[in-house]
Amino acid sequence: MGENSVNRDATPGLSCFVDVFDRVDLFDRIDNQTVVRLSCLGQKSGFASVDSVQKSTGISLRRMLKSGVTPIDLATAVFDKLCRVSDYTAAEFPVILLCHSGVDDERASELAVAVEQHYGLPPHTVRPFNFGCSGFLKLLQEGATLLADHRNVRRIALLNVETPETWHDGSDRLFCGIVSAGATGVVLERNAGMPISVIRADDFAISPSLRPNADPLFRKETGPVYTFRGESISRTVMRMNAETVFLNGIELMLNNLRSAVATIDLRPGQRVIVIPHQPSGKLLKALIAAARLEYPDFEFLNNLNHFGNTISAAVPTIMARLPQVLEQNGGQPIRNGDLIILLAAGICMQEIADHMSAGHACIEWVSAETDVARVESIAMMQ
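Mapping of the sequence shown onto the numbering used here: residues 1405 to 1786, in sequence order.
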């Protein structure tokens, strides 16, 4: 398979998207008043008001796991829903790709084993990855490669299960106002569903010339911090060099948008919908403003307000809720033949100090009524 195209003899397609954000038994909600309180813990200079939180983050509501709810509860909830909506059993997925981000790879590996044990699946059915914000596109690329290389694999489940409250400092204003727990499930099939014409995800070195300061892009720190419930605790968390990440995140997504457009043949009048990663209000607004200068006819979607930055689950969440997100963004309903460009950029979990990950994918919308696969809209999922 080429770097920017898929194998035409085994075109991968996306045939089902689900999320579990409406499960009140799984999540507690974090409003802006709570963010103000969290950001001031430890005598820090935090957000001054709920208005300042909203202005800075573009978010009014985030989620964290309820007390007593674990990542395996979240993973099984979303996989159960994916099986129910797709009408496949867990055993009918020979491969399950799981992204569960964190400060180390062990949490993802442990979750993969727990999922296998819960469903009675053979060892190594669930393949764990710690990919961060570009995780959905990286899973998509992994899955497309598997479908092309292994003819006996016809379908793959992609699970993005994120609990960022477990590896961030609740008092860190760079994160406490934006990150949110979430989970999505997607069915990737060979020659079925919405065809993916382009998929690329990679890690990119950020040279010193592109960094306004010499500090690492991200770093891990172990010591006393606060949970997202305001309790003092000692654990390892992720810290961010905000200015450098902000500037390079925008540029990486812009470059990936240009690359996506260069590799497709747009039909005259074809509608293009761009679904970018949802990092924060300021970054997303800056990205969209810059992108519209080059692509004024493209539609760019913002889903931050009631969902926040759900790490690798952000992009597939919009796909799961595309009809309502389009409406909230003032767009017309999705139509057959519309082109969707997925974009992501963020932390590179393997080289956090001086690399970032990014990617793009191009998908043509095909409705359930006109395709042999099941493409579920939000109305069918709730």
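Ideal placement from N, C-alpha and C gives every residue a C-beta, glycine not left out.
- Residue pairing of V1678 in beta bridges, as defined by DSSP: F1704 and I1745.
- Distance from the CA of H1572 to the CA of R1466, rounded to the nearest whole angstrom, comes to 14 Å.
- Using a C-beta cut-off of 8 Å, the region 1743-1752 makes contact with the region 1662-1677, since at least three inter-stretch Cβ pairs fall below that distance.
- In this structure, L1551 and P1720 do not form a Cβ contact; the two beta carbons are roughly 18 Å apart against a cut-off of 8 Å.
- For F1608, the three-state secondary structure derived from DSSP is strand.
- When Cβ pairs closer than 8 Å are counted between the two stretches, the region 1692-1705 is seen not to touch the region 1542-1559, the count staying below three.
- For D1426, the secondary structure class from DSSP, reduced to helix, strand or coil, is coil.
- Residue pairing of N1564 in beta bridges, as defined by DSSP: C1503 and T1588.
- Counting only runs that start and end inside the region 1456-1493, the alpha helix (DSSP H) elements of at least 4 residues fall at 1475-1490.
- In the DSSP annotation of this structure, the continuous segment of the beta strand (DSSP E) that includes P1628 starts and ends at F1622 to Y1630.
- Counting C-beta pairs closer than 8 Å gives fewer than three between the region 1518-1527 and the region 1627-1642, which falls short of the contact rule.
- In this chain, the beta strand (DSSP E) harbouring M1642 covers S1636 to M1644.
- Annotation for V1517: the continuous alpha helix (DSSP H) segment containing it runs E1510 to Y1523.
- DSSP places G1763 in the uninterrupted beta strand (DSSP E) bounded by H1759 to E1768.
- For D1553, the enclosing alpha helix (DSSP H) starts and ends at G1539 to D1553.
- DSSP places P1720 outside any beta strand (DSSP E); the residue lies instead in the alpha helix (DSSP H), whose first and last residues are A1718 to A1724.
- Boundaries of the beta strand (DSSP E) harbouring I1434: F1431 to D1435, taken from the DSSP string.
- Contact check for D1423 against G1597 fails: the beta carbons are separated by 9 Å or more.
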